[in-house]
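Q:
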Amino acid sequence: MREKTVTLNRATLEQATLISDSDFERFQEFFYHKVGIHFQPSKRYFVDKRLLQRMRATKSRTFSEYMALLRSEVSRKELQALINLMTVNETYFFREEYQLRTLIGPMLDEVTARKGPGETIRIWSIPCSTGEEPYSIAIYLSEYWPGLARHDVELVASDINTDVLQRAREGCYEKRAVQSLPPDVLRRYFTKESDPSGGGLRYRIDRDLRDSVRFSPVNIHDAEALRSHHGFDVIFCRNLLIYFDNRSRRRAAESLYESLRPGGFICLGHSESMSRISRLYEMRRFPESIVYQRPATRRPAETPAPAEGALP
Numbered sequence: 004m005r006e007k008t009v010t011l012n013r014a015t016l017e018q019a020t021l022i023s024d025s026d027f028e029r030f031q032e033f034f035y036h037k038v039g040i041h042f043q044p045s046k047r048y049f050v051d052k053r054l055l056q057r058m059r060a061t062k063s064r065t066f067s068e069y070m071a072l073l074r075s076e077v078s079r080k081e082l083q084a085l086i087n088l089m090t091v092n093e094t095y096f097f098r099e100e101y102q103l104r105t106l107i108g109p110m111l112d113e114v115t116a117r118k119g120p121g122e123t124i125r126i127w128s129i130p131c132s133t134g135e136e137p138y139s140i141a142i143y144l145s146e147y148w149p150g151l152a153r154h155d156v157e158l159v160a161s162d163i164n165t166d167v168l169q170r171a172r173e174g175c176y177e178k179r180a181v182q183s184l185p186p187d188v189l190r191r192y193f194t195k196e197s198d199p200s201g202g203g204l205r206y207r208i209d210r211d212l213r214d215s216v217r218f219s220p221v222n223i224h225d226a227e228a229l230r231s232h233h234g235f236d237v238i239f240c241r242n243l244l245i246y247f248d249n250r251s252r253r254r255a256a257e258s259l260y261e262s263l264r265p266g267g268f269i270c271l272g273h274s275e276s277m278s279r280i281s282r283l284y285e286m287r288r289f290p291e292s293i294v295y296q297r298p299a300t301r302r303p304a305e306t307p308a309p310a311e312g313a314l315p
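All you need for my numbering is the position in the sequence shown, starting with 1, plus 3.
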């Protein structure tokens, strides 16, 4: 017991020595500039642990040496590896289902009313994590929207984390992820498989459904990357903006606005409100949910949104 205590103390001392307070502040600024996420001091243990992990993987002897690698690397492979480690993904099928019901009801009613013959409906899920959200949209359209017989739908799903995108493409899930699905839906769209690691059963989504979603890596704060993501009728951007500060939220809201068609809708998480972030959008109150809409005609130049905590 005594030997274990000494080992733990040494590990703690090593961590404190390698990542100083000034190092943490430098990383805060760097990561904020690249991704738009500002890590609070309360996340210090989370950040330090993952920084040390990547420092060991790259054989960086000091934090300064590791930061020099991140800043100079042309391929950005290490930056992507760090982003994958620092971004947390937690989701499940049919999450906040009331928004899916609103999608196949009044939202798509308005979208299809504006569409000409042969025009495709485009829906974007960002961040899509391991795929539960875009696949949920695909299932909901297939199961409950009669309009699918008359309209083509393009589903695009994006995330900054390339590891979760690969898992999304594979479409294999543990029981926890599918527990909110009706049993008949689970039977129709999933096949049970044995987990090769011995973790019990897994559920793999059917290939037709996997092929119906196009996955792409996107950093919402990378203007160049977003240029190819535009012309969407509906965007699901749930539980992303809560990780940003006011400035990053406003930048993200403006980017998403440009990605929407005039009259297009954006769905946020239940704890998020676009009214406190940007005046570019109109709030729409539907029977089961509040969503936000890009007006059909462009509004005047954006004015600053109210400070956080102020009345909208």
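Note that beta-carbon positions come from the ideal geometry of N, C-alpha and C, so glycine has one too. Just so you know, these numbers come straight off a predicted model, no measurement behind them.
Is the beta carbon of Arg252 closer than 7 Å to that of Leu244?
A: yes
Q: Could you say which of Ala171, Arg297, Ile129, Asp155 lies nearest to His224 if we only look at CA atoms?
A: Selected option, being the one with the closest Cα: Ile129.
Q: Following the continuous alpha helix (DSSP H) through Ile37, name the residue where it begins and the one where it ends.
A: Reading off the sequence shown, one finds Lys at residue 37, where the question assumed Ile. It spans 24-38 - the alpha helix (DSSP H) in which Lys37 sits, taken as one unbroken run.
Q: Please state if the CB of Val77 and the CB of Pro137 are separated by a distance shorter than 7 Å.
A: no
Q: What is the DSSP secondary structure of Ala149, reduced to helix, strand or coil?
A: Reading the sequence as shown, one finds Pro at residue 149 and not Ala. Reduced to three states, the DSSP call for Pro149 is helix.
Q: Count the C-beta pairs between the stretch 113-128 and the stretch 81-92 that are closer than 8 Å, then say yes if the count reaches three, no if not.
A: no
Q: Applying the criterion that 16 or more other CB atoms from any shown protein chain within 10 Å of the CB defines a buried residue, is Ser49 buried or exposed?
A: Reading the sequence as shown, one finds Phe at residue 49 and not Ser. Answer is exposed; the Cβ neighbour count stays below 16.
Q: Taking only the alpha-carbon atoms, compute the straight-line gap between Ser139 and Gly108 and give it to the nearest angstrom.
A: 16 Å
Q: Measuring alpha carbon to alpha carbon, tell me which residue in Leu271, Phe27, Pro199 is nearest Ser67.
A: Phe27
Q: Taking C-beta to C-beta, are Ser132 and Thr94 nearer than 7 Å?
A: yes
Q: My assumption, with CB atoms under 8 Å, is that Tyr260 sits in contact with Arg297. Please give the rounded CB distance.
A: About 6 Å; that satisfies the 8 Å criterion.
Q: Looking at the strands, I want to know which residues DSSP matches up with Pro220.
A: Asp162
Q: Report buried or exposed for Met277, applying the criterion of at least 16 other Cβ atoms within 10 angstroms of its Cβ.
A: Burial check for Met277: the Cβ neighbour count within 10 Å reaches 16 or more, so the residue is buried.
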